[in-house]
Structure formats: structure tokens, C-alpha cells
Amino acid sequence: MSLLKKLQTIPTLSKFLINRYAPYRGAGIAVEKMDLANYHIRVKMPLTRKNQNIVGVHFGGSLYAMVDPFYMLLLMHHLGSKYIVWDKAATIRFLAPGRRMVYADIRLNAMEVDTIRELAENYAPVYRNYRLNIFDEAGVRIAEVEKTVYIRRKKPHAAG
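Under the numbering used here, read the sequence shown as residues -1 to 158, first letter to last.
Right, dumping it as C-alpha cells:
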């Protein structure tokens, strides 16, 4: 197992590394909570001059970036190394201007992971859609993000 894969199994260390990832640091994005055992990650981003757009509200690219990798990371963690997991598609719908701290909760559950294992049992590709909302600190829904994730069970290598 590679060092990076081993590090992914330690939530505190994963959170530390993600929070130091240059694009996240530059935008002010931070993982506030990483509870892999309970299938939950919470991210936040303050409004700063580094992540605001020309009209002074949250830049849409930063809003999307704050939630981008986390369904894939949760699935990789819970499915393990016998599965390929890729982000396949995404859309973001802006609902209100973000003028203050924003938050997003990324959640899965054990039943979803079990369903994916069943669907991928015969090595066929599985596509799952996930929807989440980004809220500001007053509870106003700022954006809605939909992600499509590709999952496939890895085929065993032929001996030889």
C-alpha cells in the first residue's frame, strides 16, 4: 500500500493535508470536520478578497472547488483499493450571492456503499449521482451542486 493511501486512512492526517493543499489555502477553503467513520465531511470558506469575484461575492469556481473531491474521497475510503472511483461530471447552480462564510456538508451512508458494492459485483461500471447544498452562516442556500461519480470494481490480475 502506498504511503498516500495509508495516510488517507487517518482522518486527522487527511484533514491536515487537505487543509494545506495550495488551491484550498489560497481560496481559504478548510475542512472543518472529517468524520469518515460516519460518512461525513464538512467544509467552510470565508469571503476574502482572494476568493471574491468582480462584484464582491464568492467566486463560483471557489464555491465548486470547496466540495469537488469529497464524494470521491469518501467512496474511496469506504470501498477500498479493490474499486476505481472517479468524478465523472458536475454541475453547480448559483441560487444567491455568497456574502459571508459558507459551509457544505458532504454525507454518504453505509447503505449507499453496500448498494454500490452490489451493483459493481460483476465488474460493470456504476454511476451514482449526489446532490448537496452550500449554505451561508445565516442558513441561506447559496448554491446547489450535483456530482456524478463513476465506480467500478477492479478486475483481478491474471497470474503469470
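Even glycine gets a Cβ: it sits at the ideal position worked out from N, Cα and C. Computed from a predicted model, the values in this text were never measured in an experiment.
**Message:** Please state whether the Cβ-Cβ distance between residue 34 and residue 75 is less than 7 Å.
**Reply:** yes
**Asked** Considering residue 80, what are the terminal residues of the beta strand (DSSP E) in which it resides?
**Response** Note, residue 80: premise wrong, no beta strand (DSSP E); not H, not E.
**Message:** In this structure, how does DSSP classify residue 74 when only helix, strand and coil are distinguished?
**Reply:** helix
**Asked** Which residues does DSSP pair with residue 131 in a beta bridge?
**Response** 142
**Prompt:** Which class does residue 16 belong to by DSSP, given the choice of helix, strand or coil?
**Reply:** helix
**Message:** Can you look up residue 110 in the DSSP assignment and give me helix, strand or coil?
**Reply:** helix
**Prompt:** By DSSP, does residue 136 sit in helix, in strand, or in coil?
**Reply:** coil
**Asked** How do the stretch 140 to 150 and the stretch 91 to 98 stand: do at least 3 beta-carbon pairs fall below 8 Å, yes or no?
**Response** Touching, per the Cβ criterion.
**Message:** For a quick check, are the C-beta atoms of residue 102 and residue 130 less than 7 Å apart?
**Reply:** yes
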